[in-house]
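Visitor: For the sequence shown, the positions run 6 to 129 when our numbering is used. We put the CB at the ideal spot given by N, CA and C, even for glycine. Below you will find the structure I want to go over with you.
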Amino acid sequence: ATTAASSSNFNNDLASQAEQVANMDPEQMRRQAQMMRSMDPAMIRRMNPQMAGLTDQQIRMAADQMEMMASNPSMMKSMVDQMKNMSPAEKEQVRRMQDQMKAGAATASAAPATTGTTGTSMAS
């Protein structure tokens, strides 16, 4: 019963996310992407439950995707339509992938930090 309840909540969250994106104009999306890049990823995870399980890199990728959608309205419409029209099996698959990402992010955050010791920079 717990799985059914969490699956139902996930389906509602997915529909809600699709609606939120559909209601944003391109300028709002650009501002949101810029804000996501300027904020500490840990703060984004605390403020946004949907991003709680994402890694820093996944949060940056989400900001990049948001900016791409702002620049390409047909891409945004396509993504929203796709999210709204997912079958229950597709929604379950997305939920499982997100659960795996959350588990992976929790494992990664518990591991000792070893990045940044190679002398390479992420800045472009």
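#1: Skipping 5 residues on each side, what residues in its chain have a beta carbon closer than 7 Å to that of A68?
#2: Quick check on DSSP: helix, strand or coil for M80?
#3: Could you check the C-alpha separation between Q25 and D45 for me, to the nearest Å?
#4: I believe M71 touches M34 by the beta-carbon criterion, under 8 Å. Please report the beta-carbon distance rounded to the nearest angstrom.
#5: In the structure shown, what three-state DSSP assignment does S21 receive?
#6: Please confirm whether R101 has its beta-carbon closer than 9 Å to some beta-carbon of chain B.
Guide: Taking the structure as given:
#1: Position 63 of the sequence shown holds residue 68. A38, M41 and R42.
#2: The residue you call residue 80 lines up with position 75 of the sequence shown. Reduced to three states, the DSSP call for M80 is helix.
#3: Locating residue 25 in the sequence shown gives position 20, counting from the first residue. Locating residue 45 in the sequence shown gives position 40, counting from the first residue. Cα-Cα distance, rounded: 23 Å.
#4: Counting from one through the sequence shown, the residue named residue 71 turns up at place 66. Counting from one through the sequence shown, the residue named residue 34 turns up at place 29. Yes, they are in contact, since the Cβ atoms of M71 and M34 sit about 5 Å apart, within 8 Å.
#5: Residue mapping note: residue 21 aligns to position 16 of the sequence shown, counting from 1. When secondary structure is reduced to three states using DSSP, S21 falls in the helix class.
#6: The displayed structure is made up of one protein chain only, and chain B is not part of it.
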